[in-house]
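Structure, as C-alpha cells:
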Amino acid sequence: MNEPIEKAEPQIGEAGLYTFPFWFYIDTRTPLLSCDLEKGGALIRIYPPFRSALANFMPMPEIKPEAIPFLPEAKPKNPLPLIHVVTLPTFQPDGGPGTIALWSDQWGKKLNIFPMDSMRIDLINSPQGDFSLQSILHKLLERLRVRSAQWWILRSVDAFLGYERSSFSIKRNGTPIDIGHGIVKARIPFGFEKPIDKNVWRESIFDIGNEIETPPYEMLFFDAYYYLATSDIRSMVISVATGCEQAIETTFARLWEARNRGQEFKRGRVMTSYDLPTHLSRDLNRFLGRSFEQEFPTEFAEIRKLWDVRGRVAHGGKAQFICNGNLLTLDDFQAEKILAAVRKCIDWLQQLSFDSPAGLNS
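Quick note on numbering: this note's numbering labels position 251 of the sequence shown as 238, and the sequence is numbered without any gaps.
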C-alpha cells in the first residue's frame, strides 16, 4: 500500500545562501537583527551575516602534500607533513588593530569583533523577474563597505594573508630535509576601519530601501586601499586618481543642476582643463568661491603629488614624483598620506553647496 503524498505548499519565495572570499567583521556584543524591506509588492528579508567555516579556514585551498611536485629522485616516500595556520586581523575591542594566529579549527576565546563569511537573503511574493537577489546583495555589500570602511569587502582576504601557505628546507635537487613550516603572514588593518554594528547594519539596509546608490568613486577609493595592501602601488594610484576625478566632476554636475535647473551639465562650462588640481582650486573658486587649495593646503599638496604620479603611471612609467627637484619613488607611507588627503577631499566635495560658507568643516 502506498503512503499518501503530502500536498506541498505553493512556493511563495526563495531563500538565497551566499558565501564570500572575504570577511565581514561584525560587532557581536550587540547582536544584529534581521531586517525586512518592501519593494514593488515583494518582501525582502535580510539576515545578519553568519560564520560557516572553521576557525583556521581561509577562502583559498589548503596545500595537498601528495600533490606537491618533485623531481623523480627527490620525491619523498611519504607525503610531507604540513602545518595549516591562518592569521586574522583584529579590531580595537580585541586588542587591535593587530592580528591573531589560529593553528586549530577551534576558536578558543571567541573574538568580540568576529569575522563572518556567509549570508542569507529571502525574496517573498516577488513578481516573476522583477527582482534579482544578486543585485540586492551587491548593493548591500557596497553600502556595508562604505559605512564600515572595511575596504576588503567585495575583494579578497589575500590582502591580509598573502599567497604563501608553507615552506620547507631542501637540498640542491629539491629533496626536503625537514617538515613543512606554517607561514604566518598578516597585514594589520590601517586603523580607520569600523566593525559592522547594529547601526551600520540597519543604515546600510535602509540605504537599499531608499534606493541610495553608492557612487563609483567610493568603490574606487576603497579599491585603492586593497591595492596598497597587496603591494600593487600602480593600480592603487590609478584607482584613487580616477575616483578623485569622478568625485570632482560629480560635484560640479550636482552644483550646476542646483543653480541651473533644467539646463544640461557640460563639463567645459565650468571645468577648464583635465587637470585635477586645477579643478579643486581655480575652477571651483571661480564657480563657487571655494578652493580646496586655500582651505586645506597640506592635503592639496598631496593631491598634486598624486596627479604627478598618476601621469607617469598612466603612460607606462613608474610610481614616481618630483619633490624639491628630486625624482622619488612612491612608498607605502607616502601612499597612505595621499589616500588620507583624498578622503578629506571627497568628504569636503560632498558637503559643498551654494549655501555652505568657505571654511565649513575645515
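Every residue gets a Cβ at the ideal spot worked out from N, C-alpha and C, and that includes glycine.
| Asked | Found |
| --- | --- |
| Near the ligand MN: GLU251 beta-carbon under 7 angstroms from a heavy atom | The model on display carries no ligand, and the ligand MN is accordingly not part of it. |
| LEU347, buried or exposed, once every other Cβ within 10 Å from all chains shown has been counted against 16 | Caution applies to LEU347, whose pLDDT of 38 falls short of 50 and renders its modelled position unreliable; the value that the coordinates give is listed next. With fewer than 16 other Cβ atoms within 10 Å, it is exposed. |
| Closest Cα partner of PRO203 within the set ASP194, ILE166, ASP219, SER226 | SER226 |
| Nearest to LEU8 (by Cα), restricted to the options GLU282, LEU141, GLN93, LEU267 | The residue asked about is misnamed: residue 8 is Pro in this sequence, not Leu. Ranking the options by Cα distance to PRO8, first place goes to LEU141. |
| Collapsed DSSP secondary structure at SER349 in the structure displayed | Any reading at SER349 must be qualified, since the residue scores a pLDDT of 34, below 50, and its modelled position is unreliable; no value is offered. |
| Beta-carbon proximity check, VAL257 vs ILE290, cutoff 8 angstroms | no |
| GLU180 vs ALA136 beta-carbon contact at 8 angstroms | yes |
| For ARG134 and THR108, the rounded distance between their alpha carbons | The question names Thr, but residue 108 in the sequence shown is Ile. C-alpha separation (whole angstroms): 20 angstroms. |
| For ILE220 and ALA61, believed in contact at Cβ under 8 angstroms, the rounded distance | About 37 angstroms; that fails the 8 angstroms criterion. |
| The region 71 to 78 / the region 23 to 39 touching (three or more Cβ pairs under 8 angstroms) | no |
| 8 angstroms CB neighbourhood of PRO182 in its chain, flanking five on each side removed | TYR12, ILE13, ASP14, PHE78, PRO80, ILE100, SER135 |
| Where ASN43 falls, given that 16 or more other Cβ within 10 Å makes a residue buried | buried |
| In DSSP terms, what CYS22 is bridged to | ILE33 |
| Residue span of the alpha helix (DSSP H) that contains ILE192, given as start and end | 185 to 196 |
| Distance CB(LEU148)-CB(VAL224) smaller than 8 angstroms | no |
| Where LEU315 sits in the DSSP three-state scheme | strand |
| In chain order, each alpha helix (DSSP H) run of at least 4 residues that lies wholly inside the region 241 to 270 | none |
| Residues of its chain near SER349, where Cβ-Cβ distance is below 6 angstroms and the 5 sequence neighbours each way are ignored | Because the pLDDT of SER349 is 34, which lies under 50, any placement of that residue in the model is unreliable, and the question is left without a value. |
| Per-residue DSSP class, three states only, for ALA88 | strand |
| Supposed contact pair LEU67 and GLY167 - C-beta distance, whole angstroms, cut 8 angstroms | 6 angstroms |
| Which listed residue (HIS125, GLN307, LEU58) has its alpha carbon closest to that of ASP318 | GLN307 |
| Neighbourhood of ASP194 by C-beta, 7 angstroms cutoff - its chain only, sequence neighbours within 5 removed | ARG130 |
| 6 angstroms CB neighbourhood of LEU207 in its chain, flanking five on each side removed | SER226, THR229, GLY230 |
| At least 3 beta-carbon pairs within less than 8 angstroms: the region 87 to 94 vs the region 32 to 48 | yes |
| Separation of PHE341 from ARG273, as counted between CA atoms | 13 angstroms |
| Local Cβ density within 10 Å of GLY178, reported as buried at 16 or more and exposed below that | exposed |
| Per-residue DSSP class, three states only, for SER105 | strand |
| 8 angstroms contact criterion, which GLU1 and LEU110 should meet: CB distance rounded | 5 angstroms |
| Simplified DSSP state of GLY3, which is helix, strand or coil | strand |
| ARG152 vs ALA216 beta-carbon contact at 8 angstroms | no |
| PRO76: first and last residue of the uninterrupted beta strand (DSSP E) it sits in | 73 to 77 |
| From PRO176, ASP104, VAL187, LEU98, residue whose alpha carbon lies closest to that of ARG132 | VAL187 |
| Cβ of THR77 within 8 angstroms of any chain C Cβ | Absent here is chain C; the protein component of the structure consists of one chain. |
| Contact under 8 angstroms by Cβ, ARG38 with SER113 | no |
| LEU110 - DSSP class collapsed to helix/strand/coil | strand |
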